[in-house]
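Residue numbers (the working numbering): 6 to 109. We put the beta carbon where it would ideally sit given N, CA and C, even for glycine. The structure appears right after this line, and notes come after that.
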């Protein structure tokens, strides 16, 4: 299933605070954000996901993809593609913060 086909399903884009945080992060690392029980991948990080690993239930809009599972993608990026990975989740203050980092 192509990313274009997935993009037909809409969900809210990143808010202003998340957009600022995202712009400050290292573009050489794959970043994903945990929110509402799903994994959100934005902008240039989407291109790092091998198309064959995008599940049929992935939901996307312009510049963002929402996934129900991400472990297989993280494993592929760390092991095969040797890309560092960062997970961000909402902390006790209600803002996204770095929760985990993985290195190849």
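Could you check which residue in 106, 109 and 101 has the C-alpha nearest to that of residue 27? For residue 27, the closest of 106, 109 and 101 by C-alpha to C-alpha distance is 101.
Straight-line gap, residue 40 to residue 93 (C-alpha atoms, nearest Å): About 9 Å.
How many angstroms separate the CA atom of residue 58 from the CA atom of residue 77? Answer to the nearest angstrom: the Cα atoms are 8 Å apart.
In terms of residue numbering, what span does the beta strand (DSSP E) encompassing residue 75 cover? Unbroken run through residue 75: none, as it is neither H nor E.
What is the DSSP secondary structure of residue 108, reduced to helix, strand or coil? In this structure, residue 108 counts as coil in the three-state DSSP scheme.
How many Å lie between residue 29 and residue 81 at the Cα? Cα-Cα distance, rounded: 25 Å.
Under three-state DSSP, which class holds residue 28? DSSP places residue 28 in the helix class (H, G or I) of the three-state scheme.
Do residue 36 and residue 20 have their beta-carbon atoms positioned less than 8 Å apart in this structure? No, the pair does not count as a contact, with Cβ atoms beyond the cut-off.
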